[in-house]
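Q: Take a look at the following structure, please.
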Amino acid sequence: MASGDLEQGGGMNEKHRPNIYHRPTSPYHVENTEKQWTSWLVPMIVVANAAVFVVVMYINDCPKNNLGFEGSCVAEFLGRLSFQPLRENPLFGPSSNTLEKLGALEWNKVVHGNQGWRLITCIWLHAGVIHLLANMLSLVYIGMRLEQQFGFVRIGLIYLLSGLGGSILSSLFIQHNISVGASGALFGLLGAMLSELLTNWTIYTNKAAALITLVVIIAVNLAVGILPHVDNFAHIGGFLTGFLLGFVLMLRPQFGWVRRQHLPAGAHVKSKHKAYQYVFWVIAMVLVIVGFTVGLIMLFRGENGYDHCRWCHYLSCVPTSNWHCGNK
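All residue numbers for the sequence shown refer to our numbering, where the first residue is 3 and numbers rise by one.
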């Protein structure tokens, strides 16, 4: 998150200090040269999402199933893979009926149709080529560097659980439309980046610049969610889940503990983590468990989130003279 070397330790001059951490190319990360993972999970997720989209378009089969009410199929030379008319889907993708049939998030089917699996399958579906490209480019930019630093297990857990958290919150508030996309999982990675910066605060230089930059990026992305047809509840739910999981899964040891093997015998060695890191870990773990438990109970009891938070519709759409929010 912040560029620059880690905090300087006493008792060893710069000339003889071991090169445990080096200056990264990105201003938002500190890399560990002793443990650098190979990123393979994120590329596999990208390939899987692209493959699923091709399968969805093949099943959609616009030339056969389009009734012509909204116009003709787009890019008809693609045959079965051609897109729905732009008046129906401006993102160059399938019909909503196809997405719903293949696992889109739909409240009634989840609650009354015993199809809770849609909370997960919707993460792998996208409304169109534009939607898919935007999410996958963001995933490559954010996810690959995080996987290199923290490994595929932790990043995979954050990705999937954040996507699930986003789906749960979305279902509690959006009960009359379908929702698809990996945006909740992506916002979870952004949330994890923020909590990683906070819980590992002491090992960074340029702390304020890194924090301000990351907060601005997150705020801008969340602000986009107030536009119509954007499921900002999935964004918020994914972000909150990832933010809490970052405290649990993305702790870094103190600089003094990392370089302990280079110290002379008998030298004082710092503890691996600071006390506040353990406090964050416990609080975050409790909140994750409570949040998922309460959210799932409310969802499968068929509760409407707006009954508990009437102003929350402003989190997903702010009506203006140019658009209304009745379709969200």
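Even glycine gets a Cβ: it sits at the ideal position worked out from N, Cα and C.
Note that the structure is a prediction, hence the values are computed from the model and not measured.
For Val-288, does the three-state DSSP call read helix, strand or coil?
A: helix
Q: Excluding five sequence neighbours on each side, which residues of the same chain lie with their C-beta closer than 6 Å to the C-beta of Gly-168?
A: Gly-186, Ala-236, Gly-239 and Gly-240
Q: Determine the DSSP secondary structure at Glu-33, reduced to helix, strand or coil.
A: At Glu-33 the pLDDT is 42, less than 50, meaning the model places this residue with poor confidence and gives no usable figure here.
Q: Hey, is the stretch 275-282 in contact with the stretch 145-152, meaning 3+ C-beta pairs nearer than 8 Å?
A: no
Q: Does the stretch 57-70 come within contact of the stretch 83-96, defined as at least 3 CB pairs closer than 8 Å?
A: yes
Q: Note the first and the last residue of the continuous alpha helix (DSSP H) segment covering Tyr-206.
A: Looking at the DSSP string, Tyr-206 is not in any alpha helix (DSSP H), and its letter there is neither H nor E.
Q: For Asn-179, which option in Leu-317, Val-232 and Trp-283 has the closest C-alpha, if you only look at C-alpha atoms?
A: Val-232
Q: Under a three-way DSSP split, which group does Phe-294 fall into?
A: helix
Q: Are the CB atoms of Gln-38 and Trp-109 nearer to each other than 9 Å?
A: no
Q: Quick check: what's the CA-CA separation for Pro-29 versus Phe-302?
A: With a pLDDT of 44 at Pro-29, under the threshold of 50, the modelled position of this residue cannot be trusted; read the value that follows with caution. In a straight line, the C-alpha of Pro-29 is about 43 Å away from that of Phe-302.
Q: Out of curiosity, what's the CA-to-CA distance linking Leu-163 and Met-252?
A: 15 Å
Q: With DSSP as the reference, label Asp-7 as helix, strand or coil.
A: Below a pLDDT of 50, predicted positions are generally treated as unreliable, and Asp-7, at 34, falls in that range; no measurement from the model is reported.
Q: Considering only DSSP beta bridges, list what Phe-71 is partnered with.
A: Answer is none; Phe-71 lacks a bridge partner.
Q: For Gly-70 and Ala-212, I'd like the C-alpha separation in whole angstroms.
A: 51 Å
Q: Determine the direct distance from the alpha carbon of Ala-184 to that of Cys-124, and round the result to whole angstroms.
A: CA-to-CA, the gap between Cys-124 and Ala-184 works out to about 8 Å.
Q: Just mark Glu-78 as buried or exposed, buried being the case when its beta carbon has 16 or more other beta carbons within 10 Å.
A: exposed
Q: Report buried or exposed for Asn-234, applying the criterion of at least 16 other Cβ atoms within 10 angstroms of its Cβ.
A: buried
Q: Taking all protein chains shown into account, decide if Gly-12 is buried (16 or more other Cβ within 10 angstroms of its Cβ) or exposed.
A: In this prediction, Gly-12 scores a pLDDT of 36, lower than 50, which makes its location untrustworthy; the coordinate-derived value is nonetheless stated afterwards. Exposed, because fewer than 16 other Cβ atoms sit within 10 Å of the Cβ of Gly-12.
Q: Taking the beta carbon of Val-290 as the centre, do at least 16 other beta carbons fall within 10 Å, making it buried, or is it exposed?
A: Classification of Val-290: buried, given that the 10 Å Cβ count is 16 or more.
Q: Which residues does DSSP pair with Ser-181 in a beta bridge?
A: Leu-107
Q: Which residues in the same chain have their Cβ closer than 6 Å to the Cβ of Phe-189, if we skip the five residues on either side of it in sequence?
A: Residues of the same chain with a CB within less than 6 Å of the CB of Phe-189, apart from the 5 flanking positions on each side, are His-237, Gly-240 and Phe-241 in chain order.
Q: So Trp-126 and Val-54 are supposed to be a Cβ contact under 8 Å. How far apart are they, rounded?
A: 5 Å
Q: Between which residues of its own chain and Asn-172 is the CB-CB distance below 7 Å, once the five residues before and five after are set aside?
A: First, the amino acid is wrong: residue 172 is Ser here, not Asn. So the qualifying residues of the chain are Leu-107, Ser-181, Asp-233, Phe-235, Ala-236 and Gly-239.
Q: What did DSSP end up calling His-112 once you bin it into helix, strand or coil?
A: Contrary to the premise, residue 112 reads as Val rather than His in this sequence. Three-state result, Val-112: helix.
Q: Which residues in the same chain have their Cβ closer than 7 Å to the Cβ of Glu-72, if we skip the five residues on either side of it in sequence?
A: Pro-87, Arg-89 and Glu-90
Q: I need the boundaries of the alpha helix (DSSP H) containing Glu-149, first residue and last residue.
A: 131-152 is the extent of the alpha helix (DSSP H) around Glu-149.
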